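These notes concern the structure reproduced below.
In this note's numbering, the protein residues as written are 118 to 414.
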């Protein structure tokens, strides 16, 4: 027989999930990270709070590992949000109350808990269930995304030129943040809040970030003067054209290799130090393989 996903009574699901996560070896790892994090949370002018490195962090080093405080459906009405919030413990509400709710500056009528979520949570794409699993009938209509809020990760500010990246370990739902370049003491640790910004000029990036995360980006890339800003826009627009061209005709290998090389040159010129995630998953994978093969990123 094929492996089954168990049918779990909804009233038992939270307890079963907690048992699974509590048995994970990652729990001790998460607690050890909390005890020796290489940064401190400080007030930063114009940004609110952010994370400042307290000592040198080498490229590839893990900075933070954390499980989500909330995993909620992406689309929630105010009443649904209120119902969920009413089930939260007082210490959880206290953590949430300490996070920014700047989304209310753009949407004053937003429910308070939804404002905190909109400001701090990630809209995470859920991976498909393995084809080898026999899925119960009641799970045929699966969600494609979930809203996950990681309180410590939420302290990390955005930059269109990040020095760190993040990924989710689906075995225990933890998010890991790691350095994509060497970070010196006193540097702010910065991540990119969403994908494919390397393909967007300043105006498009700022509109997307304003719409999705309710803030005006003033990172180093967005704060460039007119001449430098135009040069940056030109590079990112060319990257976008290359990605679309590769995606449209991936079988022309000489052309694909040439364009991947050009994208790599443009990314380096842009000062972008992370491994980019483009709007085409296939091209993202191809670029990662290309950069790994040629020892550059």
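Where is the CB? At the ideal position from N, CA and C, for every residue including glycine.
Values in this document were obtained by computation on a predicted structure and should not be read as measured data.
When the Cα atoms are used, residue 189 and residue 406 turn out to be separated by approximately 34 Å.
In this structure residue 329 is exposed. Its beta-carbon is surrounded by fewer than 16 other beta-carbon atoms within 10 angstroms.
Per DSSP, residue 163 lies in no beta strand (DSSP E) segment and is marked neither H nor E. According to the DSSP secondary-structure assignment, residue 284 is paired through a beta bridge with 293. By the Cβ criterion, the region 267–282 is in contact with the region 322–341, since at least three pairs of Cβ atoms, one from each stretch, lie closer than 8 Å. The continuous alpha helix (DSSP H) containing residue 138 extends over residues 130–139. Counted as a single uninterrupted DSSP element, the beta strand (DSSP E) harbouring residue 264 occupies residues 262–266. For residue 400, the uninterrupted alpha helix (DSSP H) segment begins and ends at 398–410. Sequence-distant Cβ neighbours of residue 393 in its own chain, meaning closer than 6 Å and more than five residues away, are 315. With a cut-off of 8 Å on Cβ pairs, the region 223–235 is in contact with the region 182–202, counting three or more such pairs. In terms of Cβ geometry, residue 408 and residue 305 do not form a close pair [threshold 9 Å]. The shortest CA-to-CA distance from residue 204 to any of 353, 131, 153 is the one to 131.
Selection 312, 243, 390, 370 evaluated against residue 357 yields 312 as nearest (Cα-Cα). Taking each of 374, 355, 390, 135 in turn and checking the Cα distance to residue 282, the smallest one comes out for 390. Of the residues 387, 244, 326, 280, the one whose Cα lies closest to the Cα of residue 341 is 387. Per DSSP, residue 270 lies in no alpha helix (DSSP H) and is assigned neither H nor E. Counting only residues of its own chain and dropping the five nearest sequence neighbours on each side, residue 364 has a CB closer than 8 Å to the CB of 397, 399, 400. The C-beta separation of residue 237 from residue 266 comes to about 6 Å, placing the pair in contact by the 8 Å criterion.
Measuring C-alpha to C-alpha distances from residue 367 to each of 384, 403, 347 identifies 403 as the nearest. In the DSSP assignment, residue 259 falls outside any alpha helix (DSSP H) and carries neither an H nor an E.
Closest in alpha carbon position to residue 288, among 127, 128, 134, is 134. Beyond the five residues adjoining it in sequence on each side, residue 346 comes within less than 7 Å, by CB distance, of 319 in the same chain, given in chain order. Here residue 352 is actually not in contact with residue 317; their C-beta atoms are around 11 Å apart, not less than 8 Å.
Burial of residue 239 is indicated by the presence of at least 16 other C-beta atoms within 10 angstroms of its C-beta. Distance check between residue 154 and each of 302, 309, 411, 379 places 302 closest, using alpha-carbon atoms only. For residue 183, the enclosing beta strand (DSSP E) covers residues 179–183. Inclusion of residue 270 and residue 308 in the CB contact set at 9 Å is warranted, their separation being smaller than that value.
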